[in-house]
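**Student:** Following this message is one structure expressed as structure tokens.
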Amino acid sequence: SQASSGEAQIAASAALESEAQPWSLLQPLDERHRSGLLSPLLKVLYDGPDGAPRLQPEARALRYMKRLYKAYATKEGIPKSNRSPLYNTIRLFTPCAQHKQAPGDQATGTLPSVDLLFNLDRVTAVEHLLKSVLLYTFSNSVAFPSAKCVCNLVIKEPELSSKTLPKAPNSFTVNSQFEFRKKYKWIEIDVTALLQPLVASNRRSIHMSVNFTCLTAQPQRPSAQKSPLHTTLLVPPSLLLYLNDTSAEAYHRRYSHHHKRRPSQVPDQKGGLSAYPTGEEAAEPVRASRHRR
Amino acid sequence: DQETVSSELKKPLVPASFNLSEYFKQFLFPQNECELHDFRLSFSQLKWDIWIVAPRKYNPRYCKGDCPRAAGHRYGSPVHTMVQNVIHEKLDPSVPRSSCVPAKYSPLSVLTIETDGSIAYKEYEDMIATQCTCR
Chain A
645 SQASSGEAQI AASAALESEA QPWSLLQPLD ERHRSGLLSP LLKVLYDGPD GAPRLQPEAR
705 ALRYMKRLYK AYATKEGIPK SNRSPLYNTI RLFTPCAQHK QAPGDQATGT LPSVDLLFNL
765 DRVTAVEHLL KSVLLYTFSN SVAFPSAKCV CNLVIKEPEL SSKTLPKAPN SFTVNSQFEF
825 RKKYKWIEID VTALLQPLVA SNRRSIHMSV NFTCLTAQPQ RPSAQKSPLH TTLLVPPSLL
885 LYLNDTSAEA YHRRYSHHHK RRPSQVPDQK GGLSAYPTGE EAAEPVRASR HRR
Chain B
3 DQETVSSELK KPLVPASFNL SEYFKQFLFP QNECELHDFR LSFSQLKWDI WIVAPRKYNP
63 RYCKGDCPRA AGHRYGSPVH TMVQNVIHEK LDPSVPRSSC VPAKYSPLSV LTIETDGSIA
123 YKEYEDMIAT QCTCR
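Protein chains in written order, with the working numbering: chain A, 645 to 937; chain B, 3 to 137.
See the structure below:
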């Protein structure tokens, strides 16, 4: 008699389920927790291919990420074991807005500062930031005289709404020095120490202004054309976030002892910024740790 | 008597068309044994190539085939598998036999373009079957 009543219950719940819409059974996760592949897979199962319109990424950014993919995964998509086991997600954002601010001063090598706004809405609540860099990519290997540069980066608070009490704008200013070498395809400026608290506090809109002061080996004549270095540094950078996705769908490498945590993977504890130009191997942080910080 | 014995001895032991190796094969290996099969999927078939940049091809693989009645250590099956087969054969055929299913998986790295134009490299767990079992 138990079996039959059990069967009756199963039949009843099956009847209920069949009436309910499939979606109601599989509540789509809300935006913050949705993992990349699950919802498009469900969409294909229920109503066909995921045709959501997408903005096209910048060609240079896409080229950089394809190179990074080749460094981290095989052709079949199997993750290689050569990268740090700490992060399983890398997101590249291009600024959604940028404005030129104060003009530069050619004589002192100061470039005009650029105002950048990054929208980090795609970072989900389960993705924890481990490292973040500003990425300047050069369209082709730019040959310019080696130069010593100081990057001045200010992160601004969002404009306060009139209702709340006016508060002194809380901006962080940091300087980081680095040297350009010939034939670089990109440079990375580590901004982990600045972004970590903002991303951890669910800040998804990052407003910053960046300017460089570069002293090249040959003194610049005031009338000289802008050097390739200047034109390169005026192109807006991309923001690269190395994250650890803590959701069940993401791949969590077992932390094996032979993986020594390389200094480049540990954000500077001193709160300072490390800027290290990297050559071809930019996608593999191991080389960076060999550069002088 | 001698005549029947000699005529019996003259008869071939097995029919001429009989193939001994085929005969033994049915005991040694089940015909379509539970094992891993490939299925090379290109994301363009799902019309996902607009947002999945890499990899081009994805082979999730799958498990298919019959499970032997005594699926012991060969498939890493627990003893429960044999119990279920015995129930199916001796007690109640409505209880299904053991099935050929994946036992282990490997991850997959995916490069995607998000709706806001940002680019994401992500590694997903359990995306490629690497071993089958009977359960």
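Heads up, the beta-carbon is just placed ideally off N, CA and C, and yes, glycines get one too.
Show which residues of chain A have a CB atom less than 7 Å away from the CB atom of residue 109/B.
**Tutor:** The residue labelled residue 109/B in the question sits at position 107 within the second sequence. 723 and 895, listed in chain order.
**Student:** Chain B beta carbons: is any one of them nearer than 7 Å to that of residue 732/A?
**Tutor:** Against the first sequence, residue 732/A aligns to sequence position 88. True, the Cβ-Cβ gap to chain B drops below 7 Å.
**Student:** From residue 829/A to residue 782/A, what does the alpha carbon distance come to, in whole angstroms?
**Tutor:** Here the question's residue 829/A lines up with position 185 in the first sequence. Here the question's residue 782/A lines up with position 138 in the first sequence. If you take the alpha carbons of residue 829/A and residue 782/A, they lie about 5 Å apart.
**Student:** CA-CA distance, residue 720/A and residue 756/A?
**Tutor:** Position 76 of the first sequence, counted from the start, is the residue given in the question as residue 720/A. Position 112 of the first sequence, counted from the start, is the residue given in the question as residue 756/A. Using only the alpha carbons, I get a separation of about 45 Å.
**Student:** Got a sec? Which residues, its chain only, sit under 7 Å from residue 847/A by beta carbon, not counting five neighbours each side?
**Tutor:** In the first sequence, residue 847/A corresponds to position 203, counting from 1. Closer than 7 Å at Cβ, skipping near neighbours: no residue.
**Student:** Let me know if residue 677/A comes out buried or exposed under the rule of 16 or more other beta-carbons within 10 Å of its beta-carbon.
**Tutor:** Residue 677/A sits at position 33 when you count from the first residue of the first sequence. Its pLDDT being 46, under 50, residue 677/A is placed unreliably in this model, and the value from its coordinates should be taken loosely. Flag for residue 677/A reads exposed.
**Student:** Measuring alpha carbon to alpha carbon, tell me which residue in 67/B, 10/B, 23/B and 11/B is nearest residue 134/B.
**Tutor:** Here residue 134/B is taken as the residue at index 132 of the second sequence, counted from 1. It is 67/B.
**Student:** Confirm, please, whether the CB-CB distance from residue 698/A to residue 114/B is below 7 Å.
**Tutor:** Against the second sequence, residue 114/B aligns to sequence position 112. Against the first sequence, residue 698/A aligns to sequence position 54. No.
**Student:** Got a sec, what are the start and stop residues for the alpha helix (DSSP H) residue 87/B sits in?
**Tutor:** Looking up residue 87/B in the second sequence gives position 85. Residue 87/B -> alpha helix (DSSP H) spans 81–88.
**Student:** Excluding the five sequence neighbours on either side, which residues of its own chain have a C-beta within less than 6 Å of the C-beta of residue 77/B, listed in chain order?
**Tutor:** The count along the second sequence starts at 1 and reaches residue 77/B at position 75. The residues are 135 and 136.
**Student:** If you draw a straight line from the C-alpha of residue 765/A to the C-alpha of residue 850/A, how long is it?
**Tutor:** Sequence index remark: in the first sequence, residue 765/A carries index 121 (1-based). Sequence index remark: in the first sequence, residue 850/A carries index 206 (1-based). Each residue's Cα considered, the two are about 10 Å apart.
**Student:** Classify residue 21/B as buried or exposed, calling it buried when 16 or more other Cβ atoms lie within 10 Å of its own Cβ.
**Tutor:** For this step, residue 21/B is matched to residue 19 along the second sequence. Its Cβ having fewer than 16 others within 10 Å, residue 21/B is exposed.
**Student:** Per DSSP, what are the beta-bridge partners of residue 845/A in this structure?
**Tutor:** Stepping through the first sequence from its first residue, residue 845/A is reached at position 201. BP columns for residue 845/A are empty, so no partner.
**Student:** Starting from the beta carbon of residue 720/A, find every residue of chain B whose beta carbon is closer than 9 Å, and list them in chain order.
**Tutor:** To locate residue 720/A, count along the first sequence from 1; it is residue 76. In chain order: 57, 59, 60, 61, 110 and 130.
**Student:** Taking the beta strand (DSSP E) that residue 64/B falls in, what are its first and last residues?
**Tutor:** The residue labelled residue 64/B in the question sits at position 62 within the second sequence. Element bounds for residue 64/B: 64–66.
**Student:** Under 7 Å Cβ to Cβ from residue 724/A, same chain only, skipping five residues before and after it: list those, please.
**Tutor:** Locating residue 724/A in the first sequence gives position 80, where the first residue counts as 1. Cβ within range, chain order: 716, 717 and 718.
**Student:** Measuring CB atoms only, is the region 57–65 of chain B touching the region 86–96 of chain B, in the sense that at least three cross pairs come out at less than 8 Å?
**Tutor:** Short answer: they don't touch.
**Student:** Just checking: is the beta-carbon of residue 856/A within a distance shorter than 7 Å of some beta-carbon in chain B?
**Tutor:** Taking the first residue of the first sequence as 1, we reach residue 856/A at position 212. No, residue 856/A lies away from the interface with chain B (no Cβ there is under 7 Å from its Cβ).
**Student:** Any beta carbon from chain B within less than 7 Å of residue 701/A's own beta carbon?
**Tutor:** Working through the first sequence from its first residue, we reach residue 701/A at position 57. Interface residue, yes.
**Student:** Could you tell me how far apart the beta carbons of residue 139/B and residue 104/B are, in whole angstroms, since I believe they sit closer than 8 Å?
**Tutor:** Chain B is shown only over 3 to 137; residue 139/B falls outside these bounds and no answer can be derived.
**Student:** Roughly how many angstroms separate the alpha carbons of residue 26/B and residue 34/B, rounded to a whole number?
**Tutor:** Walking along the second sequence from the start, residue 26/B turns up at place 24. Walking along the second sequence from the start, residue 34/B turns up at place 32. Cα to Cα, residue 26/B sits roughly 15 Å from residue 34/B.
**Student:** List the endpoints of the continuous beta strand (DSSP E) containing residue 111/B.
**Tutor:** The residue labelled residue 111/B in the question sits at position 109 within the second sequence. Element bounds for residue 111/B: 102–115.
**Student:** What residue does the alpha helix (DSSP H) around residue 711/A start on, and which one ends it?
**Tutor:** Position 67 of the first sequence, counting from 1, holds the residue named residue 711/A. That run of the alpha helix (DSSP H) goes 703–716.
**Student:** When you compare only the Cα positions, how much space is there between residue 38/B and residue 107/B?
**Tutor:** The sequence position of residue 38/B within the second sequence is 36, counting from 1. The sequence position of residue 107/B within the second sequence is 105, counting from 1. Going by the C-alpha atoms only, they are around 12 Å apart.
**Student:** Assuming the contact rule is C-beta atoms closer than 8 Å, residue 886/A and residue 734/A should be a hit. Round their C-beta distance to whole Å, please.
**Tutor:** Counting from 1 along the first sequence, the entry for residue 886/A is found at position 242. Counting from 1 along the first sequence, the entry for residue 734/A is found at position 90. Their Cβ separation, rounded to whole angstroms, is 6 Å, which keeps residue 886/A and residue 734/A in contact under 8 Å.
**Student:** With a 10 Å radius around its C-beta and 16 neighbouring C-beta atoms as the bar for buried, classify residue 132/B as buried or exposed.
**Tutor:** Mapped onto the second sequence, residue 132/B falls at position 130. Residue 132/B comes out exposed.
**Student:** Short of 6 Å in beta carbon distance, which residues of its chain neighbour residue 835/A, apart from the five on each side in sequence? Order them along the chain.
**Tutor:** Residue numbering aside, residue 835/A sits at position 191 when the first sequence is read from its first letter. Hits under 6 Å: 776 and 778.
**Student:** Go ahead and pull the three-state DSSP assignment for residue 133/B.
**Tutor:** Residue numbering aside, residue 133/B sits at position 131 when the second sequence is read from its first letter. It is a strand residue.
**Student:** How should residue 853/A be labelled, buried or exposed, when 16 other C-beta atoms within 10 angstroms of its C-beta is the threshold for buried?
**Tutor:** What you label residue 853/A is simply residue 209 of the first sequence in a count that begins at 1. By the neighbour-count rule (16 or more Cβ atoms within 10 Å), residue 853/A is buried.
**Student:** Between the Cα of residue 837/A and the Cα atoms of 831/A, 797/A, 726/A and 739/A, which residue gives the shortest distance?
**Tutor:** As a working mapping, residue 837/A is identified with position 193 in the first sequence. Out of 831/A, 797/A, 726/A and 739/A, 797/A has the C-alpha closest to the C-alpha of residue 837/A.
**Student:** Assign residue 122/B to buried or exposed, taking buried as 16 or more other Cβ atoms, counted over all protein chains shown, within 10 Å of its Cβ.
**Tutor:** The residue you call residue 122/B lines up with position 120 of the second sequence. The residue is buried, with at least 16 neighbouring Cβ atoms inside 10 Å.
**Student:** If we cut at 7 Å on Cβ distances, does residue 782/A have a partner in chain B?
**Tutor:** Numbered from 1 along the first sequence, position 138 holds the residue referred to as residue 782/A. No, its Cβ sits nowhere closer than 7 Å to a Cβ of chain B.
**Student:** Using DSSP with H/G/I as helix, E/B as strand and the rest coil, what is residue 585/A?
**Tutor:** Since the displayed chain A opens at 645 and closes at 937, residue 585/A lies outside it and no answer follows.
**Student:** According to DSSP, is residue 41/B helix, strand or coil?
**Tutor:** Position 39 of the second sequence, counting from 1, holds the residue named residue 41/B. Coil.
**Student:** Taking Cβ-Cβ distances shorter than 9 Å, what residues in chain B pair up with residue 763/A?
**Tutor:** Translated into the one-based positions of the first sequence, residue 763/A becomes position 119. Result: 118 and 120.
**Student:** Within a Cβ cutoff of 7 Å, which residues of the same chain sit near residue 42/B, ignoring the five residues on either side of it in sequence?
**Tutor:** Looking up residue 42/B in the second sequence gives position 40. Correct list, in chain order: 59 and 61.
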